[in-house]
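Undergrad:
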Amino acid sequence: MASSSFMAILTLALLLQTATLSAQLSTNFYSSSCPRVFSTVRSTVQSAIRNEARIGASLLRLHFHDCFVNGCDGSLLLDDTSSFTGEKNAVPNRNSARGFDVVDNIKSAVENVCPGVVSCADILAIASRDSVAILGGPSWNVKVGRRDARTASQAAANNSIPPPTSNLNQLISRFNALGLSTRDLVALSGSHTIGQSSNSYNTFSSDFVTAIIKMGDIKPLTGSNGEIRKNCRKPN
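Counted the way mature numbering (1 follows the signal peptide of the UniProt record, and there is no 0) counts, the sequence shown spans residues -22 to -1, 1 to 214.
This is how it looks when you write it as structure tokens:
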């Protein structure tokens, strides 16, 4: 009896461990299901930056503002629906967040090579890395495996994204609440100028890479949570 109970507990533990591992982000999540995802995203980002260098900073900002509202789940990309008011017109995003058409182009290109596989949340994470690297900043291995939120919240965006009027203590408090240090705050805040000044590239460092990887780990939807949106602007 004791032996069978032990085996049952061991089996359960192994199942839980497997479930946990499968729900974690990894750099090779799409190695079998969509091996061309990284090259496809980079090609589209390169074209966009060739047309307008400033769009690189905009794509980075989208990832930043997405992750700060209920985690990195692509919720920022959702348009308003009859059931919710999205985040695009929240105070920190209104007249600030841009590049949604570029994300649409990236999503279309990715859907052409592997339909229904890559999330919009992951596209933001990959496009952010490519933007920084193409504009002369550092590169890093992007962890992927996020899924997309089915809803968004303008109120959450207003409450969660630090407004430009925040003082230092308020910024530190908000970043700390998300597991980000003061050092992360400095690195991520400085990154907003990429593509706007030729001197903005020499400012990126290992601190920035560490910070943006940590930011990308904020409360992702994984496993069976969320969905893989076919269109980044609306739930399936």
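Note that the Cβ used here is the ideal one computed from N, Cα and C, for glycine as well.
Of the residues Ser184, Ala135, Arg161, which one's Cα is nearest the Cα of Ala68?
TA: Position 90 of the sequence shown, counted from the start, is the residue given in the question as residue 68. Comparing Cα-Cα distances from Ala68 to each of Ser184, Ala135, Arg161, the minimum goes to Ala135.
Undergrad: Around the Cβ of Pro141, are there at least 16 other Cβ atoms within 10 angstroms (buried) or fewer (exposed)?
TA: On the sequence shown, position 163 is the one that residue 141 refers to. Answer is exposed; the Cβ neighbour count stays below 16.
Undergrad: Tell me which residue opens and which closes the alpha helix (DSSP H) that Ser151 is part of.
TA: On the sequence shown, position 173 is the one that residue 151 refers to. Ser151 -> alpha helix (DSSP H) spans 146 to 155.
Undergrad: List the residues that DSSP assigns as beta-bridge partners of Lys212.
TA: Here residue 212 refers to the residue found at position 234 of the sequence shown. Looking at the DSSP assignment, Lys212 forms a beta bridge with Asn209.
Undergrad: Within a Cβ cutoff of 7 Å, which residues of the same chain sit near Gly64, ignoring the five residues on either side of it in sequence?
TA: Residue mapping note: residue 64 aligns to position 86 of the sequence shown, counting from 1. Only Leu56, Asp57, Asp58, Ala130, Gln132 meet the Cβ criterion.
Undergrad: Quick check: Ala26 and Val80, are their CB atoms within less than 7 Å of each other?
TA: To locate residue 26, count along the sequence shown from 1; it is residue 48. To locate residue 80, count along the sequence shown from 1; it is residue 102. Taking 7 Å as the Cβ cut-off, Ala26 and Val80 qualify as a contacting pair.
Undergrad: Taking C-beta to C-beta, are Cys98 and Met193 nearer than 7 Å?
TA: What you label residue 98 is simply residue 120 of the sequence shown in a count that begins at 1. What you label residue 193 is simply residue 215 of the sequence shown in a count that begins at 1. No, they are not a contact pair.
Undergrad: Any idea what DSSP makes of Ser159, helix, strand or coil?
TA: One-based indexing of the sequence shown puts residue 159 at position 181. Three-state result, Ser159: coil.
Undergrad: Across the stretch 116 to 127 and the stretch 144 to 160, are there enough close Cβ pairs to call them in contact, namely three or more that are closer than 8 Å?
TA: no
Undergrad: Spell out the partners DSSP gives Val95 in its beta bridges.
TA: The count along the sequence shown starts at 1 and reaches residue 95 at position 117. Partner(s): none; Val95 has no beta bridge.
Undergrad: DSSP three-state call for Leu40: helix, strand or coil?
TA: Looking up residue 40 in the sequence shown gives position 62. It is helical.
Undergrad: Please look up how many angstroms separate the CB atoms of Asp126 and Gly52, rounded, as I've assumed it's under 8 Å.
TA: The residue you call residue 126 lines up with position 148 of the sequence shown. The residue you call residue 52 lines up with position 74 of the sequence shown. About 4 Å; that satisfies the 8 Å criterion.
Undergrad: How big is the Cα-Cα spacing for Asn83 and Asn73?
TA: If you number the sequence shown from 1, residue 83 lands on position 105. If you number the sequence shown from 1, residue 73 lands on position 95. For Asn83 and Asn73, the distance between alpha carbons rounds to 21 Å.
Undergrad: Which residue or residues does DSSP assign as beta-bridge partners of Leu102?
TA: Here residue 102 refers to the residue found at position 124 when the sequence shown is read from its first residue. As computed with DSSP, Leu102 is found in no beta bridge at all.
Undergrad: CA-CA distance, Leu199 and Gln2?
TA: For the purposes of this step, residue 199 is taken as residue 221 along the sequence shown, with counting starting at 1. For the purposes of this step, residue 2 is taken as residue 24 along the sequence shown, with counting starting at 1. For Leu199 and Gln2, the distance between alpha carbons rounds to 10 Å.
Undergrad: Any C-beta of chain C sitting closer than 7 Å to the C-beta of Asp195?
TA: Given the protein chain composition of this structure (a single chain), no chain C is represented.
Undergrad: Whole angstroms is fine: what's the gap from Ser205's alpha carbon to Asn214's?
TA: Sequence index remark: in the sequence shown, residue 205 carries index 227 (1-based). Sequence index remark: in the sequence shown, residue 214 carries index 236 (1-based). Reading off the sequence shown, one finds Glu at residue 205, where the question assumed Ser. About 8 Å.
Undergrad: Between Val23, Asp162, Ile191, which lies nearest to Ala87 when the distance is taken from Cα to Cα?
TA: Residue 87 sits at position 109 when you count from the first residue of the sequence shown. Minimum Cα distance to Ala87 is reached at Val23.
Undergrad: Going by beta carbon distance, what residues of the same chain come within less than 7 Å of Arg128, once the five residues before and after it are set aside?
TA: Here residue 128 is taken as the residue at index 150 of the sequence shown, counted from 1. Taken in chain order, the residues that qualify are Gly204, Glu205, Pro213.
Undergrad: Using C-beta distances below 6 Å, list every residue in its chain close to Cys210, excluding the 5 sequence neighbours before and after it, in chain order.
TA: Locating residue 210 in the sequence shown gives position 232, where the first residue counts as 1. Correct list, in chain order: Leu55, Val81, Lys85, Cys98.
Undergrad: Where does Leu(-8) sit, in a helix, a strand or coil, going by DSSP?
TA: As a position in the sequence shown, residue -8 is number 15, starting the count at 1. Note that Leu(-8) has pLDDT 38, beneath the 50 cutoff, so the model's placement of it is unreliable and the number below is only indicative. DSSP places Leu(-8) in the helix class (H, G or I) of the three-state scheme.
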